[in-house]
Each structure stands twice: as structure tokens, then as C-alpha cells.
Amino acid sequence: MNTIIVEEARNVHLSYTDSGPPKIDHSTPYTTIFAVHGSMFNGAVFKKLFPLCSRANIRFVSINRRGYPGSTDFTDKELEVFSPTTDAETESEKQKQRVDYLKARGRELLTFVDTFIQKHDLPPISKVEGEMGTKKKCGGIAILGWSLGHTVTFATLADLEDAPKEVQARLAAYLRAHILLEPPTIMIGRKPFPGTWVPAWEPSFTPTSATGLFMVLVSAYYIHGPGVVTLDPKLQTRDPTLMEHVAPALPSKDSSNVPSIYNMTPQDVEEIVSFHPVPRADALLSRTAMLWLDLHQVNYAKACYSETVRKRLLPEMKVVEIIADRTSAVVAGTFWQIWDDNEEEKEKVRKVTGLKDVKDFVEFKLMKGANHFMHWDHPQETMDLLVEILNE
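Letter 262 of the sequence shown, counting from 1, is numbered 262 in full-length UniProt numbering, and no numbers are missing.
Encoded structure:
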């Protein structure tokens, strides 16, 4: 497994799988997607996309976060950030530790991406002639976060202004898309809607038992009520009672899909699912999720809406959320929040500029019939959607 050192002083490294440059000749430079996996399911969860990359003119790099196979685990000292506040420290001091923890994860991903760009001489953003004389972007990179992986991707972009100037300049010349692949509500700093339940929050569960249930719940296909997941604002609802919270374990007359975990062979599960042992940092972050909400909200807001990031540092970057209509309520609720946040930010611009037509801060793409594991159950459709995002 390939690795890149992201902190030389302590020899901290991140492992990754690289599809390599496209083997098919294309008329335009290829685009590289850096993907950051979620909780418990490591970077191999994206492996079905790899055979599709060459034809799509995509290079796909799946990164294993700290504590996952091939990457440096966290030290006991680093994990003290998840321990309760002691008599010797104040809550503000503990919160500062949490801030530093997230900043460190952001720096690690930024270092990885910057190093990879230089090591492999990736093609930067360029423009070619498109239809009707328009200019079409090609080359460059996209950063994709999936599920809990947004903890890292949001932190990376939120703190870009603290990076060395040469790193800022390089990322500005390369980064043209930040893809939000189904972030859960806590990743944008919001509490889940009533009725939502996560095994990791149940104190009576052991990490192993919570993990087993989590695999089914997160990979199930849910049948939500009308208007829960739609891109038509006239049909959208904000009624949590229309969300489905009960995961169907077997196909029924209303469901043709079993949870994605059952579409994996034992060998796939052994390769993809990291639960022997459960990664400590993710388990602790999930159990203490409510303590991190304010920090996640700040990073999400800066990464997606701040003028510093969007206009000054990364003027070529667009932000796109991908949502599936059969996903879990934890993710469907995030879609509502991001949609409303986007409209709120646009309204702020209208009031300042007087313009009626204001560009979206976040664009939205809907994958019909898919769940949280669209890249596993529907790899071709997922790749087609990624290409669509990059070609627009």
C-alpha cells in the first residue's frame, strides 16, 4: 500500500490507493479526485469506481484516514481530546484542544494533496473550447468527502488561510470542486432530527455490538415520504415525521434492495470494514458528537460560504452536494439544512448587491434509487454523476 508522509517530525503518514493516470488517450487533461472515506468503512469502499476511471478521464485517489489500514494510528496522547474535562482544565481549554485536533487533521489532508500534486505532476486547471464558444474546465483536482470524512475535508478548506502561501497558490491553481457526498447532520454542526438514532450514542452498547448494527443501518435503503428528498423547491417538505427511520433488512413489495453490506462478499467486508478493532478516534468522536457540533459548524460554514475561501483563496472551486433519495434520515436532514443555508447565503448577497439572480454557493445533485453506498451498489451511475459535476 502506498503512503505519503504528512508530518515528518513524527513520521505520520496516510496510506492510499491510486487508480493512476487514465490509460485511454483523451483530448483534454484528466482530473484527479481525492476521496476521504467515512466511519468504519475504509478507503477500499471506493474500489468499484477504479475500473471506470480511465474511460471517464479521471484519476481517483482513495485516502485512508488516521487509524485505518496502512495509515498512522493516533497516540493515546492525541486521543485525550475525547476524554471528559478534568478538574485541572476548563471547558474552554478542552474546546481549544478540539479545535487543534480538527486543524491537525485538516493540515494532514492538505499536506497529502499538495505532496501528491507535486510528486505526480498532476495537470492543473485549464480551459478548452466548449459548446457554443464557451470555455470548459478540465484538469485540476476535486476533493470528495463521504459521510464522516467531511470532518477532514471541511477542516482542510476552513483553515487554508493559515497554510503557507505557496501551498495556497498551488491549491488555487488546482482545486475546482469540493464534492459533499452525503454528509450527516453532525458534520455540518446540526443536531439530528427527532426520531434519528445512532448506535454509537447508546451507552449500553459495546463498540463491537454498535458496529454490527451500524453496518446495517447506514447501508440500508429507506423509503421516505413525499418531498423529503427532492430538488424541486415546490415539492420539498421540512416535516421530520415523513422521514423513514426503520431500516428494512429484507426486500419487500416496496423495496427491491437489501442493505449494501449484504452486497459485499466476506472478502470485501474483510478488506473494507475496519472493526477489529473499531478505529478508536472515530468511535470516540461518534460517542462525543454533541460536544463537537459548534466546531463542525464553523468549519462547514467557512469551507462552503466564506468569502475568504470561495473568492480569494479558491476562486475556481465549486461546491456540490450529492444526495440519494433512499439514504438515511441522518443524511436526508443534512440536505435540508444545506439547501436552506445556501438560500440564506444567497439572500445576504441579494441584500448587499441588489441583484436578483445570485449564483448558488452549493449546487445539488440527486441520485435516484440509491442509498448512502451509491459508489458500491451503483458505481457506474456514481462515476457518471462525478463526471457530470466536473464537466459543467
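C-beta atoms are modelled at their ideal positions from N, C-alpha and C, and glycine is treated no differently. For clarity, every value in this text was computed on a predicted model and none was experimentally measured.
| query | result |
| --- | --- |
| Please check the pair H178 and V319, which I expect to be a contact at CB under 8 Å, by giving their CB distance rounded to whole angstroms. | 5 Å |
| Is it buried or exposed, K137, if we count other Cβ atoms within 10 angstroms and call 16 or more buried? | buried |
| Pick helix, strand or coil for N342, following the three-state DSSP scheme. | helix |
| Assuming L385 and I322 are in contact, meaning their beta carbons sit under 8 Å apart, how far apart are those beta carbons, in whole angstroms? | 7 Å |
| What do you reckon, is the C-beta of D76 under 8 Å from a heavy atom of the ligand NAP? | Ligands in the displayed structure: none, and consequently the ligand NAP is not present. |
| Hey, how far is the Cα of H120 from the Cα of S19? | 13 Å |
| What three-state label does DSSP hand R326 in the structure shown? | coil |
| DSSP three-state call for K23: helix, strand or coil? | coil |
| Would you mind giving the Cβ-Cβ distance between S39 and S219, rounded to the nearest angstrom? I have them listed as a contact below 8 Å. | That belief does not hold up - the Cβ atoms of S39 and S219 are roughly 12 Å apart, past 8 Å. |
| Are the Cβ atoms of L160 and Q168 separated by less than 9 Å? | yes |
| Can you check which of these residues, E347, V362 and F361, is closest to L355 by C-alpha distance? | E347 |
| Note down the Cα distance separating R190 from Q297, rounded to an integer number of angstroms. | 7 Å |
| Checking 9 Å against the spacing of the C-beta atoms, do A172 and P29 come in under that value? | no |
| Between R280 and the rest of its own chain, which residues show a CB-CB distance below 7 Å, the 5 nearest in sequence each way excluded? | G67, F74 and L79 |
| Residue range of the alpha helix (DSSP H) that A281 falls in? | R280 to R287 |
| Going by Cα to Cα distance, which pick from Y174, A247, H245 and A283 is closest to L390? | Y174 |
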